[in-house]
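Enquirer:
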Ligand code: UDP
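In the UniProt record's numbering, the protein residues as written are 1 to 330.
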């Protein structure tokens, strides 16, 4: 069985990807420093406790497990935090990938799948956003992911590294079999926070800005189910080991959903009220983002199967002690 090294492999998207790698006949080896990941998520293969900044640890894991590919998830991923603590982002996301790529070259591990982000686009000039759109990020998180992409491109042409960079839109939802819960600490993302407010675990959801130039004034995002994202990573690994070309692809649902629409859908599905307080815009937030995912569709056979908002909310709700009755129609 081929082995795949998964940095950040017990995190939110990493653990879901390990599950699907395992189902596809790979042995996923999670490499994680457990700073935000959860070791209970190491269910589908070995867990190596290690940090991507530590080249000796990386080298040791690669020599031991002989992976055919590495998927690099280990990174910091909060837009808001990146504006107040950019140092953390340049360290974890830029120094982290530098250490990983240099190690890969040294040990001749050539195939890399990279977690990039729609945050690399900044404020789009055109919607839906295609891969050729200008990349002008408006926050440090997006800049660190763009630097990662640039490094991959340069390293690929100089050192014959091969890569797939996947630009996620908003990862959301939880494992459809309920084997993994959507859990972040601290939790800052919209859907979990809105569910927490509906469950009474926080007093209210703060809506960051209702004066955007969008139909209801709140921000529009493209929410994509974590299982759909994970499946795309398995396809990207298969693409690289079959000798496929270097590529960049958006991963989204292609649908734009506003903050207000998320709140309305949660209220309808859970039959609970989401208490809301409206506040000023959050720094670094573009008004509307949604994807054109035709590249992923044609090159990686990507089809969003679980990325409708109802399925995302139905799968995420149990984490917060909420159930969505089956007879509540979408
Ligand atoms: N948002 C909000 N209240 C929250 C968290 C998020 O109004 O408590 C908004 C945020 O301003 C953005 C959208 O919801 O427009 C999605 O934010 P999230 O942090 O989930 O993901 P991001 O788009 O920043 O990656």
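From the three backbone atoms N, C-alpha and C, an ideal C-beta is built for every residue, glycine too.
On the CB-based measure, 16 or more other CB atoms within 10 Å of its CB, does residue 218 come out buried or exposed?
Expert: Buried: at least 16 other Cβ atoms inside 10 Å.
Enquirer: Residue 332 and residue 222 look like a contact to me (Cβ under 8 Å); what is the Cβ gap, rounded to whole Å?
Expert: Because the chain spans 1 through 330 in this model, residue 332 falls outside it and cannot be assessed.
Enquirer: CB residue 176 to CB residue 293, shorter than 8 Å?
Expert: For residue 176 and residue 293, no; Cβs fall outside 8 Å.
Enquirer: With a cut-off of 6 Å, give the chain-ordered residues whose Cβ is closer than this to any heavy atom of ligand 1.
Expert: The filter returns 79, 170, 188, 189, 190, 193, 205, 206, 207, 208, 219, 221, 259, 282, 285, in chain order.
Enquirer: Hey, which unbroken runs of the alpha helix (DSSP H) at 4 residues or more fall wholly within the segment 163 to 247?
Expert: With a minimum length of 4 residues, the continuous alpha helix (DSSP H) runs that stay inside the segment 163 to 247 are 190 to 198, 226 to 241.
Enquirer: If you reduce the DSSP assignment to three classes, tell me which class residue 31 lands in.
Expert: It is a strand residue.
Enquirer: Alpha helix (DSSP H) containing residue 13: first to last residue?
Expert: Its alpha helix (DSSP H) spans residues 12 to 23.
Enquirer: Three or more C-beta pairs under 8 Å: does that hold for the segment 62 to 69 against the segment 83 to 93?
Expert: Short answer: they don't touch.
Enquirer: Give me the residue from 215, 26, 319 with the minimum Cα distance to residue 201.
Expert: Ranking 215, 26, 319 by Cα distance to residue 201 puts 319 first.
Enquirer: Expressed to the nearest angstrom, what Euclidean distance is found between the alpha-carbon atoms of residue 63 and residue 164?
Expert: Roughly 23 Å separates the two Cα atoms.
Enquirer: Would you list, in sequence order, the uninterrupted alpha helix (DSSP H) runs of no fewer than 4 residues that lie entirely inside the segment 48 to 86?
Expert: Segments of the alpha helix (DSSP H) lying fully in the segment 48 to 86: 55 to 65, 79 to 84.
Enquirer: With a 10 Å radius around its C-beta and 16 neighbouring C-beta atoms as the bar for buried, classify residue 134 as buried or exposed.
Expert: So residue 134 counts as exposed.
Enquirer: Rounded C-beta distance between residue 131 and residue 295? I'm assuming under 8 Å.
Expert: Between residue 295 and residue 131 the Cβ distance is about 6 Å, and since that is below 8 Å, they are a contact.
Enquirer: Can you list, in chain order, the residues of its chain with a C-beta nearer than 8 Å to that of residue 185? Leave out the 5 residues immediately preceding and following it.
Expert: 36.
Enquirer: Quick check: residue 298 and residue 250, are their CB atoms within less than 8 Å of each other?
Expert: Contact flag unset, no.
Enquirer: For residue 300, does the three-state DSSP call read helix, strand or coil?
Expert: Residue 300: helix per DSSP, three-state reduction.
Enquirer: Look at residue 172 and residue 147 and say whether their C-beta atoms are less than 8 Å apart.
Expert: Their beta carbons are not under 8 Å apart, which means residue 172 does not touch residue 147 by this criterion.
Enquirer: Count the other C-beta atoms from every protein chain shown that fall within 10 angstroms of the C-beta of residue 32, then say buried if there are 16 or more, exposed otherwise.
Expert: Per the 10 Å Cβ criterion, buried.
Enquirer: Using the three-state DSSP reduction, which class does residue 288 fall into: helix, strand or coil?
Expert: Strand.
Enquirer: Counting Cβ pairs closer than 8 Å, one from the segment 3 to 12 and one from the segment 21 to 31, do we hit at least three?
Expert: At 8 Å Cβ cutoff, the stretches touch.
Enquirer: So what does DSSP say about residue 269, is it helix, strand or coil?
Expert: Residue state, collapsed to three classes: helix.
Enquirer: In the DSSP assignment, what residue or residues form a beta bridge with residue 4?
Expert: The partner list for residue 4 (beta bridge, DSSP) reads 28, 69.
Enquirer: Quick check on residue 283: does DSSP put it in helix, strand or coil?
Expert: Three-state DSSP puts residue 283 in coil, outside helix and strand.
Enquirer: Could you give the distance in angstroms between the alpha-carbon of residue 44 and the alpha-carbon of residue 22?
Expert: Straight-line Cα distance between these residues: approximately 6 Å.
Enquirer: Starting from the Cα of residue 3, find the closest Cα among 48, 26, 49 and give me that residue.
Expert: Nearest C-alpha to residue 3: 26.
Enquirer: Using a C-beta cutoff of 8 Å, does residue 75 count as contacting chain B?
Expert: The structure shown contains no chain B; it is built from a single protein chain.
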